[in-house]
Amino acid sequence: MAAFKGDITMMQILLAARATVNRTNNPDDYLHPLFLAVSQGKKEATRILLEADADLQVAERYKVSNGERKRSLFERALKASDLPMCQILLANGAAAGA
Numbered sequence: 001m002a003a004f005k006g007d008i009t010m011m012q013i014l015l016a017a018r019a020t021v022n023r024t025n026n027p028d029d030y031l032h033p034l035f036l037a038v039s040q041g042k043k044e045a046t047r048i049l050l051e052a053d054a055d056l057q058v059a060e061r062y063k064v065s066n067g068e069r070k071r072s073l074f075e076r077a078l079k080a081s082d083l084p085m086c087q088i089l090l091a092n093g094a095a096a097g098a
């Protein structure tokens, strides 16, 4: 929820308490914090999660409703015309063609 809201203070508290940013056994309705931050255009939250080694490939793991195809985080940012977010993702290893 902190990533979704872009609550930097709460994110820093959670990370200082060693909260994991990459769960491995996720229920079907789980959304990765990085997915939430990118989807909401929260650039600082995205930077913090990437600095904490959040997995850039998380978007590939989620079910997509309404027949929409799965998109990488970079594709989501590009579709939203969020060029600063695209730059953040590229600077942290996202593939432009993904």
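In UniProt numbering, the protein residues as written are 1 to 98. Glycine residues also receive a C-beta, built at the ideal position from the N, C-alpha and C atoms. Computed from a predicted model, the values in this text were never measured in an experiment.
- Message: Which runs of the alpha helix (DSSP H) at least 4 residues long sit entirely within the UniProt repeat "ANK" (29-61)? Give them in chain order.
- Response: Fully enclosed alpha helix (DSSP H) runs of 4 or longer: 33-39 and 43-51.
- CB of Val21 within 7 Å of CB of Leu73, strictly: At a Cβ-Cβ threshold of 7 Å, Val21 and Leu73 do not count as neighbours.
- Message: So for Thr9, helix, strand or coil by DSSP?
- Response: In the structure shown, Thr9 sits in a helix (DSSP, three-state: H, G or I).
- Going by the CB atoms, is the gap between Phe4 and Leu36 shorter than 7 Å? Contact: yes.
- What is the DSSP secondary structure of Lys79, reduced to helix, strand or coil? Reduced to three states, the DSSP call for Lys79 is helix.
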